[in-house]
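Shown next, in structure tokens, is the structure this report addresses.
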Amino acid sequence: MNKKGFIFDLDGVIVDTAKYHFLAWQNLAKSIGIDFTHEQNEQLKGVSRVKSLEKILEWGNKTISEELFASLMGKKNEEYLSFIEKMTDEEVLPDVPKILAYLIAQKQPISLGSASKNARPILEKVNLLSKFDAIVDGNDVSKAKPDPEVFLIAAQHLNMKPEDCIVFEDSVAGVQAANTANMISIGIGERNVLHEADYIFSDFTEIENSFIQELINR
Ligand code: G6P
Ligand code: MG
39 MNKKGFIFDL DGVIVDTAKY HFLAWQNLAK SIGIDFTHEQ NEQLKGVSRV KSLEKILEWG
99 NKTISEELFA SLMGKKNEEY LSFIEKMTDE EVLPDVPKIL AYLIAQKQPI SLGSASKNAR
159 PILEKVNLLS KFDAIVDGND VSKAKPDPEV FLIAAQHLNM KPEDCIVFED SVAGVQAANT
219 ANMISIGIGE RNVLHEADYI FSDFTEIENS FIQELINR
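Numbered per this note's numbering, the sequence shown spans residues 39 to 256.
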């Protein structure tokens, strides 16, 4: 039986948390007098918490002490977690359970490949943790996307070669990471943003089982 490694990003692919990251960063930026636009947010998708704050400060031309940096990171995560707390499985993105069920029925190995340090509690909250054979998240990596580290570790956990892995990503950095890892990249989102991906879909409702089957048979 053919097997491929299926690796899913979390935020913006499995759950609709991208909007919460945006809100929390926007509020934080505002609190230190920095304007934060949607375009800038696009560049933070898939990017670790530390790197995100570094970029916001860079855009706002601000240098701050290490202590303030640490406290701002804490503040952002606190607000983000307050949004997460109220989350239910209704915020699982359309047809995600369907594609996971199909992959499980076809006995395909599945991993998470996320930069988030909050991945496990979020997957637990939306009742999807048990669907994954491996979880690789922000606690396991030292290099942020677009570095391919997170996906290469996921491939190892699944016992799959990188070229036999398929990555679902909503971020430019994540698509680049998948491409650098020599994996098939599937962009979930806007075509003009994710044009570097091998395939692009607006969301999982556009992905037919036959397409997944073709990937498995490649
Ligand atoms: C994901 C999101 C980013 C977020 C990063 C770290 O990649 O797309 O927006 O900054 O995870 O998430 P965390 O939950 O650890 O702050
Ligand atoms: Mg994402």
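Each residue gets a CB set at the ideal place from its N, CA and C atoms; glycine is no exception.
In this text the structure is predicted, and so the values were computed from the model without any measurement.
Asked, Found
"Have a look at the DSSP bridge pairing and note the partners of Tyr140.", "Note: Tyr140 sits in no beta bridge, so no partner."
"Measuring only the C-alpha atoms, how far is Met125 from Lys57?", "12 Å"
"Could you check how far apart the C-beta atoms of Phe189 and Gly151 are, in whole angstroms? I think they sit under 8 Å.", "5 Å"
"Do Val164 and Pro184 come within 9 Å of each other at the CB atom, strictly closer than that value?", "no"
"Alpha carbons only, please: which of His59, Gln81, Ile245 and Gln251 is nearest the one belonging to Phe121?", "His59"
"What do you reckon, is the C-beta of Val174 under 8 Å from a heavy atom of ligand 2?", "no"
"So if DSSP puts Ile222 in a beta bridge, which residue, or which two residues, is it bridged to?", "Ile204"
"Expressed to the nearest angstrom, what Euclidean distance is found between the alpha-carbon atoms of Phe74 and Ile94?", "8 Å"
"If you measure between the beta carbons of Ile191 and Val179, is that distance less than 9 Å?", "yes"
"Identify the residues that DSSP records as bridge partners of Asp49: which are they?", "Val53"
"Any idea if Asp49 is buried or exposed, counting beta-carbon neighbours within 10 angstroms, 16 or more meaning buried?", "buried"
"With a cut-off of 5 Å, give the chain-ordered residues whose Cβ is closer than this to any heavy atom of ligand 1.", "Asp49, His59, Lys83, Gly84, Arg87, Ser90, Ala153, Ser154, Lys155, Asn156 and Gly176"
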